[in-house]
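With mature numbering (1 follows the signal peptide of the UniProt record, and there is no 0) as the guide, the letters of the sequence shown map in order to residues -22 to -1, 1 to 616.
Ideal Cβ placement from N, Cα and C applies to all residues, glycine included.
Beneath this line is the structure, given in structure tokens, with notes to follow.
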Amino acid sequence: MYPHLLFGVFLAHFIFPMEASAHIHRPRVTLTEKDVKFPRVFLKESNTHMKFLQGHNTVYAAGNTQVYQTDFYSPHPQRQSFVFREECIHSTSTDCQYNITVLHKSKNANQLFLCGTNGEHTLCCNVESTDFKCTRSKDFRKIDQHINENEPTLLIDHSEAEEFYATQSGSEITAGIRRFGKNQVWSENSGTEQKYIGLVASGKREESLQDRLYAFYIEKNRDQSGKSDTWFPRVAQICMADRGGPKTVLQFKWTSKLSARLFCGDPERKLYFTDLVEVTTVVADRWQDTRVYTLFKNAWGTRAVCVYSMGDINHVFKTSNFQGITEPIPKPRPGECVADSTLLPTEVLMKVKTNLEMEEWVGNNNRPLWVTHHHYNHIIVDSVQGKGNVLLLSLENGRIHKVLESNGQAFIIAEIQPFNNKASILSMLLNSSTVSQETQPTPTHLQCDSTVAASKKLYVGTSRELVQIDLVSCMQYKDRCEDCVQARDPYCGWDGHQCTTATNNTIQDVDNGNHTICKSNQATSSKVVSSNLVRVPQSSKYFLQCPARSNHAEYNWGHRCNNTGTICTFIESEHQYVLLIEKMETEQEGTYTCVSEEGGYTKTLAMFTVKLDSGATGLASYYTAWFWVVLTLVLVPL
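Rendered as structure tokens:
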């Protein structure tokens, strides 16, 4: 390919100059292993699914058939165990293999609650974290249901005993929400196909009788004409005190189950999202303020994050009219939590038996927090008290976006690339000392003190690797106060000398990234960039490199290129902003300065004094060859 044609192809991929307004949906910075260390552990088997659990100074990861105990700071970071080995030794089956589908923290601090299925029945046991010995759970012996590894489950210490909740997706008569334990209850057949995405506890209320469980799922549309969406997103409620109905109506079935449509969309832009991907929560001090974050996608490949408060969800179930009911609503109102559900009036039970749905939709007046073309498949949210929330979203290629939610707006702080090659992330876990167990297995996150914990980590699992990501790696924002502030990273602040873990005494502006607060606090940097002397052979091509750290900045090379009739070609590549001198002559001698501008803050990134080396020969082809090698690498898609 001719050089000028190659240049045409190359320049078609980029726009010069780099406009900050074009990067609203781009991560401000990109972090690879060159910038941040990612401790990792390689697994001895390939896994199709993975469940994480935070332990004391350790992380538990349940793969297909083994549980891994990982401590990234230990000289021997990994232990693994076939938990159900003894059960298979005493089995008469020639193909005994339990697929691990459930992993929770037990109320006993030294035990894990773990379930495995062999395709026919489910075996649950309490596992000692020291020796991984499986002790059959007395409370959950009778589980003849096949629990799929993708089904949401919850283990809740309610009243005097633990209660285990699990869902079953599909259209069979067993589909729905089921509680195992002392008071087993399951769902009345809905007659529709359902796929469950998440289970969330409402949180402790003033009166424990009113504690509820919310199930988020999608339901297949009965109308398959193609004129409407194939799936509808819904949320269902049940009371944790529900014991089922009397022998005559809804015995061992939920008497408090109600459902409502979830709305996620922007009517003004005619954007609607109905395919629910994942659910996570941010727990608040007041249960009404607990927020549920949902990740949606639509048929056009667009993703959206919609947020619902627990108070708003509760309000719909408490006050909305019921679809299809025109006569007076019986008392107590269907869906109310009562002390003994077996004593509910038959009239109320018969209404619930019809699978009551609310007329009002949850979130009908809300707009998405964020609409994006990025293909996310997992979401975790961390609440940094007084500084907004941080969303951690995994992409289909194994990269992770660290996103700030501030004043109802989303800002992509960074794209984290923990893997050298494309990878499929199976699960994520946020390591926080305040992680709530009420919203497992959906990863959940939590409040932290005004001083951000320096040990906050994100754990990511693929089929063969476990990776640890430090969320408080502030040194990546370099050694200028302005760089630290413009990062808008709630975990980081300027302490007068460096960008470090944020405290009440550090300088930061998470909402706006206003660099002028550095000047007002006399924290501006006096760092001076020195000039590098470069001698270039006559008639040679030569390129000067400038580190392009921020994707939101505009970059320019200051020189008289266009005023001398000499062509200078500017190239934007990942992490570099390159100036190419196509033919070195006397007119090209001088000082070349690369300057960035972002939010009104201008700084010099690189400076070169270029001189003609008329005595040198044979170097032109060397520089030209290297340039085309670099150019080719830039053009190759990742």
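Secondary structure remark: continuous beta strand (DSSP E) runs of at least 3 residues inside the segment 41 to 98, in chain order: 45 to 48, 56 to 59, 77 to 83, 89 to 95. If you ignore the 5 residues before and after Lys329, its C-beta comes within less than 6 Å of the C-beta of Pro312, all in its own chain and listed in chain order. Going by C-alpha positions, Cys217 is about 23 Å away from Glu256. Taking the Cα positions, Tyr271 is about 28 Å away from Asn167. Boundaries of the alpha helix (DSSP H) around Cys459: 459 to 464. Distance from the Cα of Lys589 is smallest, within the candidate group Leu81, Lys561, Lys581, for Lys561. Counting along the chain, the unbroken beta strand (DSSP E) around Glu383 starts and ends at 378 to 384. For Asp461, the CB contacts under 6 Å within the same chain, skipping 5 residues up- and downstream, are Tyr455 in chain order.
For Ile291, the uninterrupted alpha helix (DSSP H) run begins and ends at 288 to 297, by DSSP. Taking all protein chains shown into account, Ser186 has fewer than 16 neighbouring C-beta atoms within 10 Å of its C-beta and is therefore exposed.
For Thr564, the three-state secondary structure derived from DSSP is helix.
Under a 10 Å Cβ-count criterion, Leu90 is classified as buried, with 16 or more other Cβ atoms of the shown protein chains found around its own Cβ. Here the C-alpha atom of Glu98 lies approximately 35 Å from the C-alpha atom of Leu322.
Spanning the alpha carbons of His136 and Tyr354 requires a straight line of approximately 34 Å. With 16 or more other Cβ atoms from the protein chains shown falling within 10 Å of its own Cβ, Glu383 counts as buried. Across the structure, Gly302 and Ser237 are spaced so that their CA atoms are roughly 13 Å apart.
Here the alpha carbons of Thr320 and Lys15 stand approximately 58 Å from one another. In this chain, the beta strand (DSSP E) harbouring Val368 covers 367 to 373. Judged by DSSP secondary structure, Cys496 falls within the alpha helix (DSSP H) whose first and last residues are 494 to 498. The beta-carbon separation of His351 and Leu371, rounded to 13 Å, does not stay under the 8 Å limit for a contact. Using a Cβ distance threshold of 8 Å, Ala40 and Leu101 do not count as a contacting pair. Judged by DSSP secondary structure, Thr350 falls within the beta strand (DSSP E) whose first and last residues are 348 to 350. Judged by DSSP in its simplified three-state form, Tyr570 adopts strand.
Listed in chain order, the non-local C-beta contacts of Ile125 below 8 Å within the same chain comprise Thr79, Val80, Cys93, Thr95, Thr100, Thr131, Ala144, Gln146, local neighbours out to five positions each way being set aside. Ranking Val359, Ser574, Thr324 by CA distance to the CA of Pro224 puts Thr324 first.
The C-beta distance from Glu140 to Asp122 rounds to 19 Å, too long to fall under 8 Å, and the pair is not in contact. At a Cβ-Cβ threshold of 8 Å, Phe251 and Asn276 count as neighbours.
In the three-state reduction of the DSSP assignment, Ser186 falls in the helix class. By the criterion of a C-beta distance shorter than 7 Å, Glu575 is surrounded in its chain by Ala531, Glu532, once the five residues flanking it on both sides are discounted.
By the Cβ-count criterion, Tyr76 is buried, with 16 or more other Cβ atoms from all chains shown falling within 10 Å of its own Cβ. In this structure, Phe210 lies away from Cys242, with their beta-carbon atoms at least 8 Å apart.
Burial check for Ala87: the Cβ neighbour count within 10 Å stays below 16, so the residue is exposed. Here DSSP, grouped into helix, strand and coil, assigns Gln476 to coil. Between the alpha carbons of Tyr38 and Trp278 lies a gap of roughly 37 Å.
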